[in-house]
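*Asks:*
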Amino acid sequence: MIIKQLNIGIIGLGTVGTGVIETLEQKTKILKKKYNLNINILGISAKNKNKKRGFNIKKYNWYDNPLDIIEIPNINIIVELIGGSSGLALKIAKKTLTKKKHLITANKALLAVYGKQLSKTAKKNDVNICYEAAVAGAIPIINILENRMLSENITNICGILNGTCNYILSKMDEENLNFETALKNAQNEGFAESNPFDDISGNDSAYKLVILTNLIFSSNFKIKDVYIEGITRVSNIDLEMANKLGYKILLLGISNIKNKVIQLRVHPCLVSQSSLLAKVKNELNAVITDGDMSGKNFFIGKGAGKKPTAASIISDIISFDNSKKRKLSNTMEKEATFKKANMLERKGKFYLRMAVLDKPGVLADITSYFKKKKISISSMFQLENKISGYVQLIFVTHNILEKQLILTIKKIEKIDKVKTKVNLIRIENNL
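Just so we're aligned, residue 0 is where the sequence shown starts under numbering that gives the first Met the number 0, counting upward by one.
1. I need the DSSP call for D203, collapsed to helix, strand or coil.
2. Taking a contact to mean a Cβ-Cβ separation below 9 Å, would you say A436 touches L249 in this structure?
3. Could you name the residues that DSSP lists as bridge partners for A277?
4. Within 10 angstroms of its Cβ, does F220 collect 16 or more other Cβ (buried), or is it exposed?
5. Tell me where the alpha helix (DSSP H) around D172 begins and ends.
6. If I follow the unbroken beta strand (DSSP E) through D289, where does it start and stop?
7. Label N79 either buried or exposed according to how many other C-beta atoms from any shown protein chain fall within 10 Å of its C-beta, with 16 as the threshold for buried.
8. If we count the other Cβ atoms within 10 Å of its Cβ and call it buried at 16 or more, is K58 buried or exposed?
9. Identify the residues that DSSP records as bridge partners of M148: which are they?
10. Taking Cβ to Cβ, would you say I313 is nearer than 9 Å to I76?
11. In this structure, does DSSP put T104 in helix, strand or coil?
12. Mind checking whether G82 and A108 have CB atoms under 9 Å apart?
13. Counting only beta-carbon atoms, is S44 nearer than 9 Å to chain C?
14. Just to confirm, is the Cβ distance from N165 to N284 under 9 Å?
15. If you draw a straight line from the C-alpha of A92 to the C-alpha of H266, how long is it?
16. For I222 and V270, what's the separation of their Cα atoms in angstroms?
17. Determine which residues share a DSSP beta bridge with G158 and list them.
18. What does a CB cutoff of less than 6 Å around S378 pick up in its chain, not counting 5 residues either side in sequence?
19. What would DSSP say about G347, mapped onto helix, strand or coil?
20. Using alpha carbons as the reference points, say which of G201, N202 and L182 lies closest to S193.
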C-alpha cells in the first residue's frame, strides 16, 4: 500500500501550534495506519525562537522569515496560527494561495475581515482554505455546514461561541466568584489570553458569527455589521436573579434571516434553564442550527484549549483536499443581497437592573415612565441587601419593541435618584 507524503509548514508556535506538533509527533504511526498518510513538517516559524516549548524545535527546519516557508517547492499546506486580522497573517494567507498552496488557519479575525477575498483567491488558484479550528474549537461545525447540510435552507444559527466567556459565567454562577477572580482562573487554566479583551468584549464571538453567517448565506457581512455586547457588566446579582426567575445567563451569537433581512448579534442572554444551551458549562461551546429539512440540530464540544483546537487543525490537514460545496464567497455571477436588521426594531422581553437611592417615591417615578411609554412589567423585585449604599431594583418586561424601551431607559437614567446605568439583558425564550 502506497503511503501518501504530505508536506506542511507551520507558522505560529503558541499554545495551539505547539499542540499541533506534539499531536503529530504522538500520532505518526496512527495516521499512517488509518489514512495511509505521512505528514512531514518541512518548516516552522514563530516570533521567538528561544521560547521554551513542549517539543524539540531542533528536529525541524526553522525559518526566521515565515514567508520563506511558502517558497519551499514541494510543500503542500501552510498552517497559519499567528492570529490577527491583517499584517503578517494576511501576507501569509495571500502568498500561500497565490503560490497554489493550501491554507489551514484558526484565524477567525482574518476570515471575518478578508474571508470573501481569500476565498476567491483560493478558487482562482484551485486550492482550498480550511478553517475548522477558527469556530467553536473541537465542534466540526464548518465541516457540517460545508459538506453535510448541503440540502438545507438554514434560517437560524446561534450558540455559545466563546469558551472563555462561558467558563467565566459558569464559575461566577456556580462558585459565586466575582468577575475578576473567574477571569484569572480562566487565564490560569489556559482558556483566556493574558489580554482577554477580544473574548470578554464579545469580539471573538462576533468574528465567528460573521464566518458562520457568510458561509451559510454566501453573504459578505463584516464585524461592523454585528451588534456586540460583552460580559463585563454581568454581575453576581444578575446571575442570582436569573436563577430565581428560571434562567441562565449566557453570551450567545445569533444570526437569523427573514425576508432577506439578516440579524447578527452577540450579547448576554437570559435563556430558560430547560434549554439545552443552559446545560453547556465551562469552556464548552455549543451551536444550534435550524434547517428546513432536518429541523433543529444541536452540536456541543470543547471550545477552548490546546488539544481541542489542535484536533480541528489536524482534521483539516488530513482532509485538506476534500471537495467543498458550500463556500465563504458566492459562486453565482450575481450575488444575493441581504439587508442587516436594526436591533432597535427587535421585539422581545428584557431584564433590567438599576441602583437607586433608598428614598420614598423612587419606585413611583420609575414606574411612571414605564406607564407613560406603555411598557408592561411582568415582575419587579427590590433586593434587601444594598450595594455601595444603593438599593438594587430589578424589572422584567413583557414583549416590547427595543427602540421603545431604550428611549424610556434614557429618561429613567436622568432621574437624580437613579445612581447607575440601567443594566439590560435580553431574554431569549425560543432557544
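Beta carbons: idealized from backbone N, C-alpha and C, even for Gly.
*Replies:* According to the data block:
1. helix
2. Within the shown structure, residues of the chain are numbered from 0 to 430, placing residue 436 beyond reach of any answer.
3. Paired residue(s): none; A277 is not in a bridge.
4. buried
5. G162 to E174
6. L283 to G290
7. Residue identity check: residue 79 is Glu in the sequence provided, not Asn. That one is buried.
8. exposed
9. Looking at the DSSP assignment, M148 forms no beta bridge with any residue, so it has no partner.
10. no
11. strand
12. yes
13. No chain C is present in this structure, which holds just one protein chain.
14. yes
15. 30 Å
16. 25 Å
17. G252 and V286
18. V395
19. strand
20. L182
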